[in-house]
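Number of protein chains: 2
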Amino acid sequence: MHYIEGGWPGANPKDTELFARARDLDLGEAKLVAFGSTRRAGLPPEKDPCLSALLAADTPAVAVVGKSWTLHVDQVLRTSRKENLRMIADSVAFLKEREKEVIFDAEHFFDGFSEDPEYALATLEVAADAGADWLVLCDTNGGTLPWQVEKVVREVRREFPYVSLGIHAHNDCELAVANTLVAVQAGASLVQGTINGYGERCGNANLCSVIPNLQLKLGLEVLPKEKLRELTHLSYFVAELANLAPNPYQPYVGRAAFAHKGGIHVDALAKAPRSYRHIDPELVGNSDRVLVSELSGRTSILVKARELGEALSREEAARLLEEVKALEKKGFQFEAAEGSLSLLIRRARPDWRPPFELLDFLVLVEKRTGKEILSEATVKVKVGEEVIHTAAEGNGPVNALDRAIRKALIPFWPQLAHVRLTDYKVRILNGQAGTEATVRVLILASDGRRQWATVGSSPNIIEASWQALADSLEFPLVND
Amino acid sequence: MHYIEGGWPGANPKDTELFARARDLDLGEAKLVAFGSTRRAGLPPEKDPCLSALLAADTPAVAVVGKSWTLHVDQVLRTSRKENLRMIADSVAFLKEREKEVIFDAEHFFDGFSEDPEYALATLEVAADAGADWLVLCDTNGGTLPWQVEKVVREVRREFPYVSLGIHAHNDCELAVANTLVAVQAGASLVQGTINGYGERCGNANLCSVIPNLQLKLGLEVLPKEKLRELTHLSYFVAELANLAPNPYQPYVGRAAFAHKGGIHVDALAKAPRSYRHIDPELVGNSDRVLVSELSGRTSILVKARELGEALSREEAARLLEEVKALEKKGFQFEAAEGSLSLLIRRARPDWRPPFELLDFLVLVEKRTGKEILSEATVKVKVGEEVIHTAAEGNGPVNALDRAIRKALIPFWPQLAHVRLTDYKVRILNGQAGTEATVRVLILASDGRRQWATVGSSPNIIEASWQALADSLEFPLVND
Numbered sequence: 009m010h011y012i013e014g015g016w017p018g019a020n021p022k023d024t025e026l027f028a029r030a031r032d033l034d035l036g037e038a039k040l041v042a043f044g045s046t047r048r049a050g051l052p053p054e055k056d057p058c059l060s061a062l063l064a065a066d067t068p069a070v071a072v073v074g075k076s077w078t079l080h081v082d083q084v085l086r087t088s089r090k091e092n093l094r095m096i097a098d099s100v101a102f103l104k105e106r107e108k109e110v111i112f113d114a115e116h117f118f119d120g121f122s123e124d125p126e127y128a129l130a131t132l133e134v135a136a137d138a139g140a141d142w143l144v145l146c147d148t149n150g151g152t153l154p155w156q157v158e159k160v161v162r163e164v165r166r167e168f169p170y171v172s173l174g175i176h177a178h179n180d181c182e183l184a185v186a187n188t189l190v191a192v193q194a195g196a197s198l199v200q201g202t203i204n205g206y207g208e209r210c211g212n213a214n215l216c217s218v219i220p221n222l223q224l225k226l227g228l229e230v231l232p233k234e235k236l237r238e239l240t241h242l243s244y245f246v247a248e249l250a251n252l253a254p255n256p257y258q259p260y261v262g263r264a265a266f267a268h269k270g271g272i273h274v275d276a277l278a279k280a281p282r283s284y285r286h287i288d289p290e291l292v293g294n295s296d297r298v299l300v301s302e303l304s305g306r307t308s309i310l311v312k313a314r315e316l317g318e319a320l321s322r323e324e325a326a327r328l329l330e331e332v333k334a335l336e337k338k339g340f341q342f343e344a345a346e347g348s349l350s351l352l353i354r355r356a357r358p359d360w361r362p363p364f365e366l367l368d369f370l371v372l373v374e375k376r377t378g379k380e381i382l383s384e385a386t387v388k389v390k391v392g393e394e395v396i397h398t399a400a401e402g403n404g405p406v407n408a409l410d411r412a413i414r415k416a417l418i419p420f421w422p423q424l425a426h427v428r429l430t431d432y433k434v435r436i437l438n439g440q441a442g443t444e445a446t447v448r449v450l451i452l453a454s455d456g457r458r459q460w461a462t463v464g465s466s467p468n469i470i471e472a473s474w475q476a477l478a479d480s481l482e483f484p485l486v487n488d
Numbered sequence: 009m010h011y012i013e014g015g016w017p018g019a020n021p022k023d024t025e026l027f028a029r030a031r032d033l034d035l036g037e038a039k040l041v042a043f044g045s046t047r048r049a050g051l052p053p054e055k056d057p058c059l060s061a062l063l064a065a066d067t068p069a070v071a072v073v074g075k076s077w078t079l080h081v082d083q084v085l086r087t088s089r090k091e092n093l094r095m096i097a098d099s100v101a102f103l104k105e106r107e108k109e110v111i112f113d114a115e116h117f118f119d120g121f122s123e124d125p126e127y128a129l130a131t132l133e134v135a136a137d138a139g140a141d142w143l144v145l146c147d148t149n150g151g152t153l154p155w156q157v158e159k160v161v162r163e164v165r166r167e168f169p170y171v172s173l174g175i176h177a178h179n180d181c182e183l184a185v186a187n188t189l190v191a192v193q194a195g196a197s198l199v200q201g202t203i204n205g206y207g208e209r210c211g212n213a214n215l216c217s218v219i220p221n222l223q224l225k226l227g228l229e230v231l232p233k234e235k236l237r238e239l240t241h242l243s244y245f246v247a248e249l250a251n252l253a254p255n256p257y258q259p260y261v262g263r264a265a266f267a268h269k270g271g272i273h274v275d276a277l278a279k280a281p282r283s284y285r286h287i288d289p290e291l292v293g294n295s296d297r298v299l300v301s302e303l304s305g306r307t308s309i310l311v312k313a314r315e316l317g318e319a320l321s322r323e324e325a326a327r328l329l330e331e332v333k334a335l336e337k338k339g340f341q342f343e344a345a346e347g348s349l350s351l352l353i354r355r356a357r358p359d360w361r362p363p364f365e366l367l368d369f370l371v372l373v374e375k376r377t378g379k380e381i382l383s384e385a386t387v388k389v390k391v392g393e394e395v396i397h398t399a400a401e402g403n404g405p406v407n408a409l410d411r412a413i414r415k416a417l418i419p420f421w422p423q424l425a426h427v428r429l430t431d432y433k434v435r436i437l438n439g440q441a442g443t444e445a446t447v448r449v450l451i452l453a454s455d456g457r458r459q460w461a462t463v464g465s466s467p468n469i470i471e472a473s474w475q476a477l478a479d480s481l482e483f484p485l486v487n488d
């Protein structure tokens, strides 16, 4: 990343603190940018609190946003169009005199240009004349189409041949990535965006798609190759920081981005990798994922087993495929539950011994008038020759079962204390059977280093949960 | 929707059954389409099982996919390029002779065109000569850029001025919507896509973005205005069917798509609605989130009360709205559970007396080695002054509870024997809390004359199920 915009100093204490604490950070080649707006109408720049806060942030570069759309000047700012131009010129000049690299963000530029192109261009002109290093064209409301973006950027490029241009796109029409690419084609060299496209409303241009598109499709060297390989990890890392579930369908970096199901696709991929994928996923740190389901053939089981380092014979693979098919008929689904699939493959080994066995359980949910609901589980678990009989309460029957089993297992495998269930999903398969329906439970678990998904299925939700739960605890024991 | 592709008949029993059952559906103006591939190499079309299954599906239109990329012909199909052309021609001709509308899907057309344009065009030519009604250019791997799509579609348009063209885009570069729009600009008149963009890997072109872009930005009348207003509802409905959480950041239809935070934006919106939004959200059935949510809440409660013949004062409506909000904060959702909403309105009456009360329950799930799993529920229910204490077994804990309650109530209200639970859905609200997550249960019930939906929510799945279950049995008693 060449620039990192850290927030709006002075707007709130958190943003101000960020810049104070960022002074000690080593950001490598990235420049930290403070964001703010042009000075207020009628105020000299020296007395403007926003510009002062920008200086106080003490960053090598600043981004100042100014109005380019007459609608906003007239009806939102409610100042004169001339004063708005002076506000832009004064603010940029003030910051340039103080030796900042200045990025001028022309807010609503495309809307402004379509209604009053002369005025919109005039806002760029005063910024450029005052010394702005970058003129960034913003599609603030996200309503502009790619061919409109292209035409406008070309026109601006012609008008300002010696100033560097940037693009700032929003995703309100699901076009932010496309608009960014056409702007680059038309002459923009600075792209503003966010990791995973996080941003207000429908988000900003998603850098996890923009970067590989620019680098792998347009052939521009945006990042060193080895950095591009960190993109998938970066996407997960930022999702984790933001406490948002990663989007599995996200282009390039999503879990499903290079997933292939069904015998035909997998077969074709083995014959010619280019046949069913548009890039080699390793370039962005992702990988091919073979989905095993009732539609898929023996090849996908063999591929999956190879991924796990298990050498299966063709006969063993065929037998396993039959087992997968039979389980899927009962409601299991292994496409989204690779953890359970890998255990199924391990269990096919003749010398397989499970680390633990659940012998008995009893789950109880009790509600008595005037009392809190109670959920309790007792379990009897066998580890080696030892039988552990214990019990726990929980927030609900499944949570009680989860706690009781962990209580039994943690003395043997203390590492299970670090296993967190990060997602728990219940799907009713034949909802029309009402409360007699078959239930499929999917559990996603993590130990901080890796994630795995497991599945259970039964007309009994407790049993289905138990199956997925047991697999989610067995997986790390088997794979360590 | 003008065409609805229902699946691949013959590929699996589920898809075949869909077409058999769809015969009785009234799809309005939409044509059902069966999907399949061109005949196998070396097989006459009459003997090809896939083409026979297409005919057996008995739909007005069929889509046949054929290979346009020499890489696939040579290395995946492993047949001669000539035979592939004959396979396309024969299959289209066979279906045209049987009076089908034929959509020819040219698989990997853009990849094929970039490597061997002559051959790619030849595949279209034989399809057109055999009578194909549509030539659909597919970006199967989703790796093509908008300007490439535009150039290729223009070229195909020139070569085939009298055949209708279509576009089928995938989202692997986050460009499916843009690629679809430029294809339409370049001459395509059939758009293939899916609601919410659901589809393999990163998904297909998202019709919830494509449709409003075409209609509101390009000015094409794709749908009647009043249908466009159902788009947001449609998006939620399909997410619900697919049991996927709706994406709040989704363009046009997402909950956050027209969310405005902070005083400045909201203030500006009040001064000039165009200032911070690219369209009027009502055009797609969505709404500005800050401005109207509370108002619309009260209105819908008043409307619902009027439907039920309950005259609520504005104050009562406001109080009820507060209650609804508090319950929604706990995980209830009344949009899809009008049965529970109507009970809430009834309960607001000062003279309200519930037909029955559940005093206590105890639910037990037991598994002992070598034995079938047992689910049993005991309930204590009060009807008038009488207390009934009874028990039942079931397929699972919720089913046991359901049976026990009915057993208690049916002697008082024999009509409950006709109430069937027709759907039972479980949704985990904060999946990241693992097995401690809050659970929302939606139940759809019917007595053969009408259907009603009810909701429950709790961290305890049994309690959430009980709430929805109790409402589903109370609803017909209150409304008769």
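If you're matching them up, the sequences are chains A and B in order. Under my numbering, the first residue of the first sequence is numbered 9, with each subsequent residue one higher. Under my numbering, the first residue of the second sequence is numbered 9, with each subsequent residue one higher. Quick reminder that beta carbons are idealized off the backbone N, C-alpha and C, glycines included. For clarity, every value in this text was computed on a predicted model and none was experimentally measured.
Item	Value
Rounded Cβ spacing between V395 (chain A) and L437 (chain A) (contact assumed at less than 8 angstroms)	At roughly 34 angstroms, the Cβ-Cβ gap does not stay under 8 angstroms, so V395 (chain A) and L437 (chain A) are not in contact.
Secondary structure, alpha helix (DSSP H): runs of 4+ residues fully inside the region 325-388 of chain A	346-355
Reduced DSSP secondary structure (H/G/I, E/B, other) of G442 (chain B)	helix
Boundaries of the beta strand (DSSP E) in which V292 (chain B) is found, first to last residue	Note, V292 (chain B): premise wrong, no beta strand (DSSP E); not H, not E.
Below-7 angstroms beta-carbon distance, D124 (chain A) vs any chain B residue	no
Short CB-CB distance (under 7 angstroms) between C146 (chain A) and chain B	no
Euclidean distance between Cα positions of I451 (chain A) and E343 (chain A)	13 angstroms
Contact under 7 angstroms by Cβ, V434 (chain B) with V371 (chain A)	no
Limits of the unbroken beta strand (DSSP E) element including F121 (chain B)	Premise fails: F121 (chain B) lies in the alpha helix (DSSP H), 117-123, not in any beta strand (DSSP E).
Neighbour flag for T24 (chain A) against chain B, beta carbons, 7 angstroms	no
Under the three-state DSSP convention, the category E318 (chain A) falls into	coil
Three-state class that DSSP yields for F27 (chain A) in the structure shown	helix
Short Cβ contact (7 angstroms threshold) for T87 (chain A) with A49 (chain A)	yes
Reduced DSSP secondary structure (H/G/I, E/B, other) of C146 (chain A)	strand
Run of the alpha helix (DSSP H) containing D32 (chain A), from where it starts to where it stops	That residue, D32 (chain A), is in no alpha helix (DSSP H); it is neither H nor E in DSSP.
Exposure of P21 (chain B), with buried meaning 16 or more beta-carbon neighbours within 10 Å	exposed
Contact set for L303 (chain B): own chain, Cβ-Cβ below 7 angstroms, skip 5 residues either direction	Here L303 (chain B) scores only 42 on pLDDT, less than 50, and its place in the model should not be relied on; the value that follows carries that caveat. Excluding residues within five positions, none has a Cβ falling inside 7 angstroms.
Within chain A, the residues that K233 (chain B) reaches when beta carbons sit closer than 9 angstroms	Going along chain A, no residue has its Cβ under 9 angstroms from K233 (chain B), so there is no contact; the nearest lies around 19 angstroms.
Beta-carbon proximity check, A136 (chain A) vs V171 (chain A), cutoff 7 angstroms	yes
Buried or exposed (CB count within 10 angstroms, at least 16 for buried), F364 (chain B)	buried
For R458 (chain A), the first and last residue of its enclosing beta strand (DSSP E)	Element bounds for R458 (chain A): n/a, residue is neither H nor E.
Length of the line joining the Cα atoms of V373 (chain A) and S473 (chain B)	12 angstroms
Within 7 angstroms of chain B by C-beta, residues of the region 371-399 of chain A in sequence order	V371, L372, V373, E374, K375, R376, T377, I381, S383
Contact between the region 188-208 of chain B and the region 238-250 of chain B (3+ Cβ pairs under 8 angstroms)	yes
Cβ contact check for the region 184-201 of chain A and the region 182-198 of chain B: 3 or more pairs under 8 angstroms	yes
Residue-level contact to chain B via CB, P19 (chain A), 7 angstroms cutoff	Note on identity: in this sequence residue 19 (chain A) is Ala, with Pro being the wrong assignment. Output row for A19 (chain A): interface = no.
Straight-line gap, D141 (chain A) to A191 (chain A) (C-alpha atoms, nearest Å)	18 angstroms
Neighbour-count burial assignment, N3 (chain A), 16 or more Cβ in a 10 Å radius	Residue numbering for chain A in the displayed model covers 9 to 488; residue 3 (chain A) lies beyond these limits and cannot be assessed.
Three-way DSSP call (helix, strand, coil) for I111 (chain B) in this model	strand
With 16 other Cβ atoms within 10 Å as the buried cut-off, status of K338 (chain B)	exposed
Residue burial classification, K379 (chain B) (beta-carbon count within 10 angstroms, cutoff 16)	exposed
Chain-ordered residues of the region 46-58 of chain A with a beta carbon less than 8 angstroms from chain B	none
Residues near A196 (chain B) in its chain [Cβ-Cβ closer than 7 angstroms; skip 5 each side]	V161, L173, G174, I175
Pair within 7 angstroms by beta-carbon distance, Y432 (chain A) and A445 (chain B)	yes
Per DSSP, cross-strand counterpart(s) of N212 (chain A)	A:H178
contact_flag[the region 58-70 of chain B, the region 104-115 of chain B] where n(CB pairs < 8 angstroms) is 3 or more	yes
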